[in-house]
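Quick note on this note's numbering: the first sequence kicks off at 76 and runs consecutively.
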Amino acid sequence: MKPETQPRVPPGGGAVSQKITPRAADYARWYLDVIQHAQLADHSAVRGCMVIRPNGYAIWEKMQRALDARFKATGHRNAYFPVFIPVSFLSKEAQHVEGFAKECAVVTHHRLRAKGDKSGVEVDPESKLEEPLIVRPTSETIIWSAYKQWIQSYRDLPILINQWVNVVRWEMRTRLFLRTAEFLWQEGHTAHATEKEAVEETRRMLDVYRDFSENVMAMPVICGPKTPGERFAGAVESFSIEAMMQDRRALQAGTSHYLGQNFAKAFDVQFLNAKGEREHVYAASWGVSTRLIGALIMTHSDDLGLVLPPRLADIQVVVVPIFKTEAEKTLVLEACERTIRALEAHNLEAHCDLREGMTPGAKYYDWEVKGVPLRIEIGPRDVESGKLVLVRRFVLEEPGDDEKAIRAKKKQFLSRDEAVSKTPAILDQMQQQLYQRALAFRSKHSRTVDSLEEYERFFKKEGGGFAWTHWAGSREDEEMMAKKYQTSIRNVPFERQGPPGSDGAGKCILTGKPSARRVLMSEAY
RNA sequence: CGGGCCGUAGCGCAGCUUGGUAGCGCGUCUGCCUUGGGCGCAGAAGGUCGCGAGUUCAAAUCUCGCCGGCCCGACCA
76 MKPETQPRVP PGGGAVSQKI TPRAADYARW YLDVIQHAQL ADHSAVRGCM
126 VIRPNGYAIW EKMQRALDAR FKATGHRNAY FPVFIPVSFL SKEAQHVEGF
176 AKECAVVTHH RLRAKGDKSG VEVDPESKLE EPLIVRPTSE TIIWSAYKQW
226 IQSYRDLPIL INQWVNVVRW EMRTRLFLRT AEFLWQEGHT AHATEKEAVE
276 ETRRMLDVYR DFSENVMAMP VICGPKTPGE RFAGAVESFS IEAMMQDRRA
326 LQAGTSHYLG QNFAKAFDVQ FLNAKGEREH VYAASWGVST RLIGALIMTH
376 SDDLGLVLPP RLADIQVVVV PIFKTEAEKT LVLEACERTI RALEAHNLEA
426 HCDLREGMTP GAKYYDWEVK GVPLRIEIGP RDVESGKLVL VRRFVLEEPG
476 DDEKAIRAKK KQFLSRDEAV SKTPAILDQM QQQLYQRALA FRSKHSRTVD
526 SLEEYERFFK KEGGGFAWTH WAGSREDEEM MAKKYQTSIR NVPFERQGPP
576 GSDGAGKCIL TGKPSARRVL MSEAY
């Protein structure tokens with residue numbers, strides 16, 4: 076790997092310095108370049124925190140809208156609980172605290188004062204809080220302390236609440252979107268009268284995440300329970316959706332937890348059931364975060380920049396006008412305006428690029444790096460002939476395609492009416508193609524692995540990916556595998572998600588003990 | 001939190017070894033010219049050299065501390 080001191084281009088390299096590092100050269104660098112060039116986020120002055128810029132936030136808003144509709148459709152309502160949590164709340168459930176106590180931001184004072192030399196302000200030592208507050212790393216404790224007030228009878232159940240908020244986890248090692256000290260997420264917290272209901276809720280929301288990942292993000296995922304070692308602290312069982320990034324590493328894109336009666340016991344939340352007996356309530360929680368934006372980038376984007384699935388694109392079609400003279404400008408802009416109105420009538424989000432002082436070519440590159448799915452070019456010759464040029468952000472490539480062939484494949488010359496009427500179907504097709512491309516990539520780099528030799532070869536020599544292996548090892552065995560191969564058990568996939576022959580029983584690749592089903596092993600983010 | 005590297009104009013970097021006027025490319029602004037894949041020419045603006053101490057007549061440059069970033073490790077419900 077190139078040392079950081081090495082300039083990315085020779086001095087005087089000019090425009091070359093504006094280029095995105097190709098994935099093959101340095102995948103981590105490419106990821107950061109895409110974020111910077113597409114203007115999704117910046118590092119902030121505070122360690123590990125990010126500024127989410129409008130282009131990045133627009134993606135989050137689209138994700139929120141799609142997810143929120145699914146939460147509402149499954150009976151949930153939104154609420155808001157405070158960002159500050161009394162430290163004493165954390166001692167109620169030791170198991171839960173262990174999980175994140177080492178990464179909590181703590182508020183100890185409530186006032187600043189001017190420094191003696193007027194050079195600034197400092198914490199006023201007189202303003203110490205009687206009880207320190209932590210900034211929420213997750214909200215189980217504050218929410219369950221409220222639920223205790225709300226729940227008396229089985230008639231008060233279920234409680235199905237979600238909140239869209241920021242949380243803080245003082246991470247030692249951060250990466251934009253993937254792991255930041257502060258991030259945005261949603262956390263659903265539900266309370267139920269029976270174990271059956273709470274387990275169903277856990278599985279239902281996992282399936283909501285799967286549906287969202289596949290159909291909105293165009294990102295295939297593997298669903299299943301986590302191993303005991305990877306479980307959420309305080310959960311009886313945790314489930315995850317796992318996606319494969321383009322460097323073949325796994326990324327946990329969402330989790331759903333069955334919490335049993337653990338939190339109800341910690342906060343003493345009991346209810347009277349229909350038989351008049353007191354019982355602790357059953358709970359579930361589930362969440363996805365702005366990490367999904369990182370997943371989106373690493374699933375679809377390419378060496379030209381961001382690639383957005385049409386369903387998450389803030390601008391789905393950008394129209395670039397081309398003209399020389401004032402007379403041409405009038406004609407062309409009028410045609411652009413009509414085209415955009417027609418697209419909007421199809422419920423599409425279209426934008427006309429009216430920026431002055433930029434050549435059309437410069438605009439093409441700009442919208443490509445930002446990932447806009449479709450571009451329409453309209454010039455005087457097009458107005459004359461009633462046609463326009465429709466260009467896709469990406470096409471499926473075939474072996475032997477060179478740069479020129481790909482560029483040609485992306486372009487279509489259509490009449491204005493035809494282009495407008497076909498656009499919804501084209502966007503739909505692009506959405507499907509992204510999913511199919513990601514699925515094909517994952518399949519190509521997934522295989523069953525039945526011996527340690529094969530395992531070592533797969534990860535050390537063949538570039539790795541998803542290894543479907545039988546496993547019956549202990550928690551210590553898992554740690555040994557993690558140290559030796561830098562891999563971990565991502566989850567224990569439900570049936571019919573793996574490569575051929577991945578369902579059914581076998582023998583553990585480490586211990587040789589019988590194993591009922593295969594686990595998903597991979598390097599991970 | 002440990003090891004390595006880095007922080008100089010919006011972006012990418014040179015200058016630091018050997019202390020002495022703040023530089024380059026891209027971008028930005030103005031004008032002209034252009035516009036179907038990153039136009040061209042001319043002129044101009046833009047920097048507390050990450051922050052703070054120290055050494056020195058003099059610090060971007062040397063020393064120390066802190067803050068932030070990248071990579072590797074530990075950690076990561």
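The beta carbon of each residue, even a glycine, is placed where N, CA and C say it ideally should be. Fair warning: this is a prediction, and the values are worked out from it, not measured in the lab.
Suppose only complete runs of 4+ residues qualify. What are the alpha helix (DSSP H) ranges in the region 310 to 358, listed by chain order? 337 to 341
Any chance the region 354 to 374 sits against the region 311 to 327, with 3 or more Cβ pairs inside 8 Å? For the pair of segments examined, the region 354 to 374 was found to touch the region 311 to 327: the number of CB pairs separated by less than 8 Å reaches three.
Quick check on the burial criterion: 16 or more other C-beta atoms within 10 angstroms. Buried or exposed for residue 416? By the 16-neighbour rule on beta-carbons within 10 angstroms, residue 416 is exposed.
Residue 141 - DSSP class collapsed to helix/strand/coil: helix
Round the Cβ separation of residue 595 and residue 566 to the nearest angstrom and send it over; I've been treating them as touching at under 8 Å. Indeed, because the Cβ distance is near 6 Å, the residues count as touching under 8 Å.
DSSP state of residue 171 mapped onto helix, strand, coil: helix
Going by Cα to Cα distance, which pick from 383, 421, 317 and 486 is closest to residue 509? 383
Which whole-angstrom value describes the C-beta separation of residue 333 and residue 238, a residue pair presumed to lie in contact below a C-beta threshold of 8 Å? The pair is not a contact, with the Cβ atoms about 19 Å apart (cut-off 8 Å).
Simplified DSSP state of residue 130, which is helix, strand or coil: helix
Whose C-alpha, out of 448, 134, 474 and 341, is nearest the C-alpha of residue 215? Residue 341 is the option with its Cα nearest to residue 215.
Could you tell me whether the Cβ atoms of residue 545 and residue 593 are closer together than 8 Å? yes
CB contact flag (residue 498, residue 534, <8 Å): no
Nearest-angstrom Cα separation, counted from residue 523 out to residue 172: 37 Å
Rounded separation between residue 517 and residue 228 - CA only: 48 Å
Residue range of the beta strand (DSSP E) that residue 184 falls in? 181 to 184
How close, in whole Å, do the beta carbons of residue 386 and residue 506 come, if the pair is a contact with beta carbons under 8 Å? Contact between residue 386 and residue 506 holds, since their C-beta atoms are separated by about 6 Å, short of 8 Å.
Based on the DSSP secondary-structure assignment, which residues constitute the bridge partners of residue 566? In the DSSP output, where bridge partners are listed per residue, residue 566 has 595.
For residue 165 versus residue 185, is the C-beta spacing smaller than 8 Å? no
Can you tell me whether DSSP reads residue 200 as helix, strand or coil? helix
Taking one C-beta from the region 239 to 256 and one from the region 117 to 129 each time, how about it: are there three or more such pairs within less than 8 Å? Yes, the region 239 to 256 is in contact with the region 117 to 129.
Selection from 288, 137, 316 and 309 that minimises the alpha carbon distance to residue 297: Cα-wise, what sits closest to residue 297 is 316.
According to the Cβ coordinates, are residue 281 and residue 360 closer than 8 Å? It is not a contact, given that the beta carbons lie outside the stated cut-off.
Residue 419 to residue 448 span [Cα, whole Å]: The straight-line gap from Cα to Cα measures roughly 16 Å.
Excluding the five sequence neighbours on either side, which residues of its own chain have a C-beta within less than 7 Å of the C-beta of residue 98, listed in chain order? 105, 321 and 378
When DSSP labels each residue in this structure, what does residue 238 get in the three-state scheme? Strand at residue 238.
Between the region 567 to 576 and the region 291 to 307, are three or more C-beta pairs nearer than 8 Å? yes
Which term fits residue 536, buried or exposed, when burial requires 16 or more other beta carbons within 10 angstroms of its beta carbon? Residue burial annotation: residue 536 is exposed, with fewer than 16 other C-beta atoms found within 10 angstroms of its C-beta.
What separation, rounded to the nearest whole angstrom, lies between the Cα atoms of residue 462 and residue 279? In a straight line, the C-alpha of residue 462 is about 48 Å away from that of residue 279.
Give me, in chain order, the residues of the same chain whose beta-carbon lies closer than 6 Å to that of residue 471; leave out the 5 immediate sequence neighbours on both sides. 508
Can you tell me which of the three DSSP states residue 151 falls into? coil
Round the Cβ separation of residue 362 and residue 219 to the nearest angstrom and send it over; I've been treating them as touching at under 8 Å. Their Cβ separation, rounded to whole angstroms, is 15 Å, which puts residue 362 and residue 219 out of contact at 8 Å.
When DSSP builds the beta bridges, which residues end up paired with residue 363? 261
Around the C-beta of residue 225, are 16 or more other C-beta atoms found within 10 angstroms, so that it is buried, or is it exposed? exposed
For residue 515, does the count of other Cβ atoms within 10 angstroms reach 16, so buried, or fall short, so exposed? Taking a 10 Å sphere around the C-beta of residue 515, we find fewer than 16 other C-beta atoms and assign the residue as exposed.
Let me know the alpha helix (DSSP H) ranges lying completely inside the region 94 to 133, each 4 residues or longer, listed in chain order. 102 to 112
Taking residue 410 as the reference, give the member of 578, 133, 310 and 492 with the closest Cα. 492
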